[in-house]
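Per our numbering, the very first residue in the sequence shown carries number 162; after that it's consecutive. Beta carbons are placed, not taken as given, at the ideal position from N, Cα and C, and that holds for glycine. Note that the structure is predicted; figures quoted are calculated from it, not measured.
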Amino acid sequence: MSVQEQFIEEVQKPAAEINVELCALLFAAEIKPDTNVRESVLALDRQVNTFLSRSGISFDRAQSNSDFLTNVVGGVLGYRGDTLEYFSADNSLFDSVIENRLGIPISLAAIYISVGQRLGIDVHGVGFPGHYLIRITEPDGSGTLVDPFSHSKVSQQQIEGLVKTIRQSAGGFDDGWLANAHPHDMLVRMFENLKRTFLNVGELSAAQHCLDYQLILRPEDPALLSQLEALLKHSGDAARSGKGASRLH
């Protein structure tokens with residue numbers, strides 16, 4: 162199967178079964194054909210297994226999962242938010258994020274989800290406007306909001322402040338922005354970040370790949386369809402017009 166066919170097969174699964182890590186790596190392979198998806202998965206396996214071999218994985222389940230996981234990802238494994246080259250494509254292409262241990266909020270959120278899976282801790286993306294968050298499930302079943310970029314918990318006071326700011330700037334607030342995000346929504350947002358990066362540097366072909374994959378997930382989205390039409394017209398790629406990518410229905 163092609164990379165795109167593998168991606169479509171994965172995202173057709175029920176939400177709880179979709180492997181965000183695999184989807185992000187398959188997309189990286191679409192952009193960079195020399196990407197070795199299996200090797201990137203094994204690289205993250207090795208990072209986590211090295212930690213486990215040194216720690217003996219004897220952490221106390223009474224300890225909060227959020228404290229434990231932020232220490233593992235941000236402290237032991239050394240993943241950091243890239244403040245110097247924030248808009249670099251390498252901070253969003255998942256193979257590079259794993260290799261460099263650098264990212265932006267949403268790609269680091271995917272790292273948390275991936276590492277959490279390996280350690281038996283449920284982590285969900287939270288599509289807050291402007292800055293992607295995660296929710297880490299605690300041993301008692303509750304959830305703790307965490308900023309994956311700074312590896313810090315988000316307090317209730319901070320949440321209220323953020324909500325107030327969004328209400329003032331956007332004229333309202335959707336409570337769904339604080340809910341656990343569907344993997345499709347997370348992937349669409351990841352590809353949106355990359356699309357903007359590629360457009361800013363004039364890489365129209367890569368931007369079209371981003372749109373194609375967004376439309377796999379949201380095939381009837383009028384804004385995305387309009388963007389694709391405009392891109393195809395601008396690039397003069399009339400042969401692709403009306404064809405687009407394979408999409409879910």
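- Message: Within the continuous beta strand (DSSP E) that includes G286, where are the two ends?
- Response: Segment 284-287, the beta strand (DSSP E) holding G286.
- Do three or more CB pairs link the segment 324-337 to the segment 357-373 at distances below 8 Å? Taking 8 Å as the limit for Cβ pairs, the verdict is that the segment 357-373 does not touch the segment 324-337.
- Message: By the three-class DSSP mapping on this structure, what secondary structure does S330 have?
- Response: Three-state DSSP puts S330 in a helix.
- Locate the beta strand (DSSP E) running through G298, then write down its first and last residues. It should be pointed out that residue 298 corresponds to Thr in this sequence rather than to Gly. It spans 294-298 - the beta strand (DSSP E) in which T298 sits, taken as one unbroken run.
- Item | Inter-residue spacing [alpha-carbon to alpha-carbon] between H292 and P266 | Approximately 6 Å between the Cα atoms of the pair.
- Does the beta carbon of D228 sit closer than 7 Å to a beta carbon anywhere in chain D? Within the model displayed, chain D is absent; a lone protein chain is all it includes.
- Just mark D308 as buried or exposed, buried being the case when its beta carbon has 16 or more other beta carbons within 10 Å. Burial call: buried.
- Message: Need the endpoints of the beta strand (DSSP E) that D206 sits in, please.
- Response: Per DSSP, D206 lies in no beta strand (DSSP E) segment; the continuous alpha helix (DSSP H) that holds it begins and ends at 198-216.
- Item | Cross-strand partners of K314 (DSSP beta bridge) | According to DSSP, which records beta bridges pairwise, K314 is partnered with V307.
- Message: Is it the case that the segment 245-260 contacts the segment 199-218, given that we only count it when at least three CB pairs across the two stretches are under 8 Å?
- Response: Counting C-beta pairs closer than 8 Å gives three or more between the segment 199-218 and the segment 245-260, which meets the contact rule.
- Message: Please identify the residue among G302, F289, E321 whose C-alpha is closest to the C-alpha of W338.
- Response: Of the residues G302, F289, E321, the one whose Cα lies closest to the Cα of W338 is F289.
- So K394 is in the alpha helix (DSSP H); what residue range does that whole segment cover? 383-396 is the span of the alpha helix (DSSP H), which, as asked, contains K394.
- Task: Please state whether DSSP places R262 in a helix, a strand or coil.
- Result: It is coil, neither helix nor strand.
- Burial state of Q319 (16 or more Cβ within 10 Å): Exposed, by the Cβ-count rule.
- Message: Within the continuous alpha helix (DSSP H) that includes L186, where are the two ends?
- Response: For L186, the enclosing alpha helix (DSSP H) starts and ends at 181-192.
- Item | Spatially closest choice to S313 from R296, P300, G302, L183, by CA coordinates | The shortest C-alpha separation from S313 is found at R296.
- Item | Terminal residues of the alpha helix (DSSP H) in which V349 lies | For V349, the enclosing alpha helix (DSSP H) has its first and last residue at 344-361.
- Who are the Cβ neighbours of S366 in its own chain at under 8 Å, not counting the five residues just before and after it? The beta carbon of S366 lies closer than 8 Å to those of S396 in the same chain, with the five residues before and after it left out.
- Message: Rounding to the nearest angstrom, what Cα-Cα distance links A406 and K193 in this structure?
- Response: Confidence in A406 is poor, its pLDDT being 47 and thus under 50, which makes the residue's placement too unreliable to answer from.
- Message: In whole angstroms, give me the CA-to-CA distance for I272 and N180.
- Response: Using only the alpha carbons, I get a separation of about 12 Å.
- Item | Secondary structure of K404, DSSP reduced to three states | Note on K404: pLDDT 47, under 50, position unreliable in the model; no value is reported.
- Query: Do you know how far the Cα of S303 is from the Cα of G235?
  - Reply: Annotation: G235 to S303 spans about 22 Å, alpha carbon to alpha carbon.
- Hey, would you say F107 sits closer than 7 Å to L186, going by beta carbons? Residue numbering for the chain in the displayed model covers 162 to 410; residue 107 lies beyond these limits and cannot be assessed.
- Could you tell me if L213 is buried or exposed, where buried requires 16 or more neighbouring beta carbons within 10 angstroms of its beta carbon? Answer is exposed; the Cβ neighbour count stays below 16.
- Task: With a threshold of 16 other CB atoms inside 10 Å of the CB of A368, please say whether the residue is buried or exposed.
- Result: Here A368 is buried, its C-beta having at least 16 other C-beta atoms within 10 Å.
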